[in-house]
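In this note's numbering, the protein residues as written are -8 to 147.
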C-alpha cells in the first residue's frame, strides 16, 4: 500500500521493492498488465541515478520521485519510449499504473510512505539424510518406504 501522509490518502494496491541492482535494472520493462507499484531504492540521492527510461515498456505509468525524507520532488505520467529525469535529486522512485498520482492526490512536497506486500518465499532445496529403508531410486521423485512405521523408528 502507498500512503500520502501529508493528505491522508491511501492506494491499497500491491507494492514491491526494487532494492537490488537486478530488480532496478528489470523494473517494469516488458510487464503487460501493471497492477502493482514498484518502489526503487536508489544507491544515492542524485538526479542522474533517478533518471529513468521507458524503453521496452508496454504501457504508460505514473512515476513519483522522492528525496531521502520521502518528500515528493517530482511526478508525472511517463509515456512509452521516452527518457525522464526529476527536477531535483531523488533517493526513491515509485512506478505504478496510471492513476496512482490522482488517487494519492500527489503534489510536490507531500510525504509518501509505503508498506511492501508480502511475497511468498521461494523454496530452497536442502540435502536431508534419509533412513536406509527410504529410496528415491526408480520412483520418479516419490520416496518409497517399506513401512512408514519402520522409517519413523529409524529416524529417531
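By construction, the Cβ of each residue, glycine as well, lies at the ideal position given by its N, Cα and C atoms. Predicted model, so just to flag it, every value in this text is computed and none were measured.
Own chain partners of residue i with C-beta closer than 7 Å, once the 5 adjacent residues on each side are dropped
i: residue 51; result: 68, 69, 70, 71, 89
Nearest-angstrom Cβ-Cβ length linking residue i and residue j, presumed shorter than 8 Å
i: residue 108; j: residue 14; result: The pair is not a contact, with the Cβ atoms about 14 Å apart (cut-off 8 Å).
i: residue 55; j: residue 85; result: 4 Å
i: residue 45; j: residue 17; result: The Cβ separation is near 14 Å, so there is no contact.
i: residue 10; j: residue 32; result: 4 Å
i: residue 61; j: residue 26; result: So it is not a contact: roughly 23 Å between Cβ atoms.
i: residue -7; j: residue 91; result: 7 Å
Same chain only: Cβ atoms within 8 Å of residue i, ignoring 5 sequence neighbours per side
i: residue 36; result: 58, 59, 80, 81, 82
Residue environment, residue i, which counts as buried when at least 16 other CB atoms sit within 10 Å
i: residue -5; result: buried
i: residue 34; result: exposed
i: residue 87; result: buried
i: residue 66; result: buried
i: residue 39; result: exposed
Cβ-based neighbour list, residue i, same chain, cut-off 6 Å, excluding 5 preceding and 5 following
i: residue 23; result: 49
i: residue 99; result: 63
Q) Which parts of the segment 77 to 108 are runs of the alpha helix (DSSP H), unbroken and 4 residues or longer, counting only runs that do not cross its ends? A) Here the runs fully enclosed are 91 to 94.
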